[in-house]
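K.L.:
So that we are looking at the same thing, I have put the structure below in structure tokens.
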Amino acid sequence: MKCRVAGMASIGLAMAVAALFPLAACSRGETAQADAFDCAAVSGAPDVPLLLFGEMHGSQESPALIRGLACDISATQEVAVGLELPSSDQPLLDAFMASGGTGNDVRQLIASDFWQKGRDGRSSAAMLKLIEDVRALKQAGRPVALFAFDDQPGTELERNVAIANGVRRFREAHPDTRIIALMGNIHAMQESMRAGEEMLTPSGKLLADLHPVSTLVSHPAGTIWACMPTCGIHALPASRGETAPGFHDGAALGGYSHTYGLPSFTASPPAVEQKKPAS
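Just so we're aligned: 222 in numbering that gives the first Met the number 0 is position 223 of the sequence shown, and the numbers increase by one with no gaps anywhere.
Laid out in structure tokens, this is it:
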């Protein structure tokens, strides 16, 4: 007997970004892995090949949104989740995606300097949870991939150029795979902006020939884990142009055509603080 995909639950948008994906185990001798993820239908996402999401790093809810989208989309088509992690960590991601997801597998994944020393929100427990759930989706037979697109570490590349290069490289290698890329809210913009005396060209604008759609992740008042400049939990007011939960046309920030409103905004500390090596 083969395991079958469970029906997708249609629940509220607030639940969508917080959805958990329990994996039911097949009994011995079954010929297919279990695929009993109860994905929440995240309605309203632009139906395009390349989706860029611009976030404030360090929350629980932004990675949960991407997790929900990956679960939803992978039920019917190939999808890749792109993260603002060093591309040099790709071998670690690949090894983890092929692993059983044990505690030791997680420790090997987060052994790099990015996880051990990073404190800017990209190495959060919520981001690790996203990676763990994408691995589980793939192990369950879903057509889902995971890639790191930050080419800057160890180079002299301007950061937006480095990020655009990483996304472009994956697109060229996988032209038929739908991409969901989560990055800082400046990088995902598709309009140039002034930064002091200079004009900044965001990654989104550098990728214009790939026709991405940029969605600004807005949030209510809440907290994030970030270094501003001290590293820790910081309170933030509601984002400008805060919207009701879900997808909406238009955005309060230039360079975006859509907005996704989060229902809440809660800090997620670094993953290494919650995944201590075994003594």
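The beta carbon of each residue, even a glycine, is placed where N, CA and C say it ideally should be. Note that the structure is predicted; figures quoted are calculated from it, not measured.
Using 8 Å as the threshold, is the C-beta distance between Ser61 and Leu215 below it?
P.N.:
Reading the sequence shown from its first residue, position 62 is the one you call residue 61. Reading the sequence shown from its first residue, position 216 is the one you call residue 215. Taking 8 Å as the Cβ cut-off, Ser61 and Leu215 do not qualify as a contacting pair.
K.L.:
Can you check DSSP and say which residues form a bridge with Arg193?
P.N.:
On the sequence shown, residue 193 is found 194 positions in, with the first residue counted as 1. DSSP lists Met198 as partners of Arg193.
K.L.:
Could you check the C-alpha separation between Arg193 and Gln151 for me, to the nearest Å?
P.N.:
Walking along the sequence shown from the start, residue 193 turns up at place 194. Walking along the sequence shown from the start, residue 151 turns up at place 152. In a straight line, the C-alpha of Arg193 is about 21 Å away from that of Gln151.
K.L.:
Per DSSP, His247 is paired with what?
P.N.:
For this step, residue 247 is matched to residue 248 along the sequence shown. DSSP output for His247 lists Thr258 as bridge partner(s).
K.L.:
Quick one: is Gly67 buried, meaning 16 or more other Cβ sit within 10 Å of its Cβ, or exposed?
P.N.:
Position 68 of the sequence shown, counted from the first residue, corresponds to residue 67. Buried, because 16 or more other Cβ atoms sit within 10 Å of the Cβ of Gly67.
K.L.:
Could you check whether Arg167 and Leu206 sit closer than 8 Å to each other, using their CB atoms as the reference points?
P.N.:
Position 207 of the sequence shown holds residue 206. Position 168 of the sequence shown holds residue 167. It is a contact, given that the beta carbons lie within the stated cut-off.
K.L.:
Count the other C-beta atoms from every protein chain shown that fall within 10 angstroms of the C-beta of Ile162, then say buried if there are 16 or more, exposed otherwise.
P.N.:
If you number the sequence shown from 1, residue 162 lands on position 163. Per the 10 Å Cβ criterion, buried.
K.L.:
To which residues of the same chain is Asn164 closer than 6 Å at the C-beta, ignoring the five residues directly before and after it?
P.N.:
The residue given as residue 164 occupies position 165 in the sequence shown. Here the set comprises Asp150.
K.L.:
In the DSSP assignment, what residue or residues form a beta bridge with Met182?
P.N.:
Counted from its first residue, the sequence shown places residue 182 at position 183. Paired residue(s): Gly53.
K.L.:
Have a look at Val78 and Lys137 and give me their C-alpha separation to the nearest angstrom.
P.N.:
Reading the sequence shown from its first residue, position 79 is the one you call residue 78. Reading the sequence shown from its first residue, position 138 is the one you call residue 137. For Val78 and Lys137, the distance between alpha carbons rounds to 11 Å.
K.L.:
Going by the DSSP bridge assignment, what does His233 pair with across the sheet?
P.N.:
By one-based count along the sequence shown, residue 233 stands at place 234. According to DSSP, which records beta bridges pairwise, His233 is partnered with Ile223.
K.L.:
Taking Asp149 as part of the alpha helix (DSSP H), name the residues at either end of that continuous run.
P.N.:
Taking the sequence shown and counting its residues from 1, the one referred to as residue 149 is at position 150. Where Asp149 is concerned, there is no enclosing alpha helix (DSSP H), although the beta strand (DSSP E) it sits in stretches over Val143 to Asp149.
K.L.:
Using the beta-carbon count (16 or more within 10 Å), is Met227 buried or exposed?
P.N.:
As a position in the sequence shown, residue 227 is number 228, starting the count at 1. Result: exposed.
K.L.:
Taking 8 Å as the limit between beta carbons, can you name the residues of its chain near Lys116, skipping five residues before and five after?
P.N.:
As a working mapping, residue 116 is identified with position 117 in the sequence shown. Within the same chain, Lys116 has no close Cβ partners at all.
K.L.:
Which term fits Ala94, buried or exposed, when burial requires 16 or more other beta carbons within 10 angstroms of its beta carbon?
P.N.:
The sequence position of residue 94 within the sequence shown is 95, counting from 1. Flag for Ala94 reads exposed.
K.L.:
Between the beta-carbon of Leu91 and the beta-carbon of Ser122, is there less than 8 Å?
P.N.:
The sequence position of residue 91 within the sequence shown is 92, counting from 1. The sequence position of residue 122 within the sequence shown is 123, counting from 1. Contact: no.
K.L.:
Suppose only complete runs of 4+ residues qualify. What are the alpha helix (DSSP H) ranges in the segment 47 to 113, listed by chain order?
P.N.:
With a minimum length of 4 residues, the continuous alpha helix (DSSP H) runs that stay inside the segment 47 to 113 are 60 to 72, 89 to 96 and 102 to 108.
K.L.:
How should Gly57 be labelled, buried or exposed, when 16 other C-beta atoms within 10 angstroms of its C-beta is the threshold for buried?
P.N.:
Position 58 of the sequence shown, counted from the first residue, corresponds to residue 57. It is buried - the Cβ of Gly57 has at least 16 other Cβ atoms within 10 Å.
K.L.:
Taking DSSP as the reference, what is the three-state secondary structure of Val160?
P.N.:
Locating residue 160 in the sequence shown gives position 161, where the first residue counts as 1. Val160 falls in the helix class under three-state DSSP.
K.L.:
Would you call Pro268 buried or exposed, if buried means 16 or more other Cβ atoms sit within 10 Å of its Cβ?
P.N.:
Taking the first residue of the sequence shown as 1, we reach residue 268 at position 269. Buried, because 16 or more other Cβ atoms sit within 10 Å of the Cβ of Pro268.
K.L.:
Do Ile72 and Arg170 count as a contact pair if the criterion is CB distance below 8 Å?
P.N.:
Numbered from 1 along the sequence shown, position 171 holds the residue referred to as residue 170. Numbered from 1 along the sequence shown, position 73 holds the residue referred to as residue 72. No.
K.L.:
Consult DSSP for Gly6 and reduce its assignment to one of helix, strand or coil.
P.N.:
The sequence position of residue 6 within the sequence shown is 7, counting from 1. With a pLDDT of only 34 at Gly6, under 50, the local geometry of the prediction cannot be trusted, and the value read off the model is given with reservation. Coil at Gly6, not helix or strand.
K.L.:
DSSP on Ala41, reduced to helix/strand/coil?
P.N.:
Residue 41 sits at position 42 when you count from the first residue of the sequence shown. Residue identity differs from the one stated: residue 41 is Val in this sequence, not Ala. Val41 falls in the coil class under three-state DSSP.
K.L.:
Per DSSP, Ser122 forms a beta bridge with which residues?
P.N.:
Counting from 1 along the sequence shown, the entry for residue 122 is found at position 123. In the DSSP output, where bridge partners are listed per residue, Ser122 has none listed.
K.L.:
From Gln189, Val212, Glu83 and Asp175, pick the residue whose C-alpha is nearest to that of Arg50; which is it?
P.N.:
Walking along the sequence shown from the start, residue 50 turns up at place 51. Checking the sequence shown, residue 50 turns out to be Leu, not Arg. For Leu50, the nearest C-alpha among the options comes from Val212.
K.L.:
DSSP three-state label for Arg27, please.
P.N.:
In the sequence shown, residue 27 corresponds to position 28, counting from 1. Confidence at Arg27 is low in this model, with a pLDDT of 29, below 50, so the placement of that residue is unreliable and no value is reported for it.
K.L.:
For Ala225, collect the residues of the same chain with a Cβ closer than 7 Å to its Cβ; drop the 5 residues on either side in sequence, then sort them by chain order.
P.N.:
The sequence position of residue 225 within the sequence shown is 226, counting from 1. Excluding sequence neighbours, Ala225 sits near His56, Gly57, Asp119, Gly120 and His233.
K.L.:
Mind checking whether Val76 and Ala125 have CB atoms under 8 Å apart?
P.N.:
What you label residue 76 is simply residue 77 of the sequence shown in a count that begins at 1. What you label residue 125 is simply residue 126 of the sequence shown in a count that begins at 1. It is Gln, not Val, that sits at residue 76 in the sequence shown. Contact flag unset, no.
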